[in-house]
Amino acid sequence: MSGKETRKPLARGLAALMGDAVAVPATPNAPGVQRLPVEMLEPSPFQPRQEMDETALQELADSIAQRGILQPLLVRPKPGVAGHYQIIAGERRWRASQRAKLHEVPVLVRDLSDADAMAAGLVENLQRENLNPVEEAEGYKRLTDEFKLSHDKLGEAVGKSRSHITNVMRLLSLPPQVQWLLRDGEISTGHAKALMAHPDPVKAANDVVKRGLSVRQTEALVKNLGQSIAPKETTRAPRPTGDNAEIAALADSLSEKLGLKVEVKFNGQGGALILHYSDLDQLDTVLALLNN
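Per this note's numbering, the sequence shown starts with residue 10, numbered consecutively.
What follows is the structure in structure tokens.
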């Protein structure tokens, strides 16, 4: 699949794809909806969700048993296998329907390419907020890799801000052990963001879980660690006097306001202002302040 061919489906708009394919058939009796035996359907290979909550699935099954399926599934013909279909959106409804002993389910069949099927499945889950943070990050990564999108363009496609896309995808930089704690709900996204600045995030994450630390406490844990190792870096120079003292005071004032280490260098006529940041979250904060 060439880059041009890959980008074309998204170029015409994921919102349009989802609107045409999912939002229009809001009821099982909508035009174009048909009923298919559950055994003719199977999960999509592009399903981003790796785990399903058993309690929520049973609750959905109980609801379907009483009221039926209120919205049809989106499926496509299985490539190379006549009479079988892959579920693009609605796998939970399909699984719950089997628990509810239904033999048929309402579906809308769309002849989608692999690229469209992947995009539709990911966006449907992202818009419904059915994914855990790591699955969401992996979904964004698949879309950016497949369609060569910037975070701005991806944000427009899925209805999220650029900073949200960037911050969520940053979770994939954490070690797998920490990502699993996040998948399982042992730690929150706030915990995970704080742990990115820790030199040993796995050990710190286990400590957070064991002690039941809040996000604020986790941030303090990382911050205090940084303070404890700071004196080892360099020997503090004598406090400057005169003009240099004013410059140092200005640097201290800026550092306090920005929450970053600030250096002001002056050579008598001009100089440089240097801001030190430890992670991209801090950089985003500074850029937001500068843009106000």
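The C-beta atom is built at its ideal place from N, Cα and C for all residues, glycine as well.
Would you mind reading off the limits of the beta strand (DSSP E) that contains residue i?
i: Ile283; result: 280-285
Hey, residue i and residue j: beta-carbon distance below 8 Å or not?
i: Ser106; j: Val118; result: no
i: Leu152; j: Ala128; result: yes
i: Val47; j: His93; result: no
i: Trp103; j: Leu82; result: yes
i: Val187; j: Ala201; result: yes
i: Val218; j: Thr227; result: no
i: Ala39; j: Ile73; result: no
i: Leu45; j: Val116; result: yes
i: Leu183; j: Lys150; result: no
i: Leu158; j: Gly148; result: no
i: Ser122; j: Gln95; result: no
i: Val167; j: Ala203; result: no
i: Ile256; j: Val273; result: yes
i: Ala124; j: Glu155; result: yes
i: Arg192; j: Val224; result: no
i: Leu190; j: Ile174; result: no
i: Asp120; j: Pro86; result: yes
i: His196; j: Ala213; result: In the sequence as presented, His is not what sits at residue 196; that position holds Ile. Contact flag unset, no.
i: Ala206; j: Met178; result: no
i: Leu50; j: Val84; result: yes
i: Leu79; j: Arg101; result: no
Would you list the one or two residues that DSSP bridges to residue i?
i: Lys270; result: His285
i: Leu117; result: Leu83
i: Phe275; result: Gly280
Could you spell out the range, first to last residue, of the alpha helix (DSSP H) harbouring residue i?
i: Lys157; result: Careful: Lys157 lies outside any alpha helix (DSSP H) and carries neither H nor E.
i: His200; result: 198-204
i: Lys219; result: 210-220
i: Glu228; result: 224-238
i: Leu191; result: 185-192
i: Asn176; result: 171-178
Would you say residue i reaches chain B, if we count a Cβ-Cβ gap shorter than 8 Å as a contact?
i: Asp209; result: Among the chains of the structure shown, chain B does not appear; only one protein chain is present.
Closer than 7 Å: is that where the CB of residue i sits relative to any heavy atom of the ligand PLP?
i: Leu69; result: By its list of ligands, the structure shown contains no ligand whatsoever, and the ligand PLP lies outside what it can speak to.
Legend entry - Runs of alpha helix (DSSP H) lying entirely within the segment 38-113, each at least 4 residues, in chain order: The qualifying runs are 63-76, 100-108.
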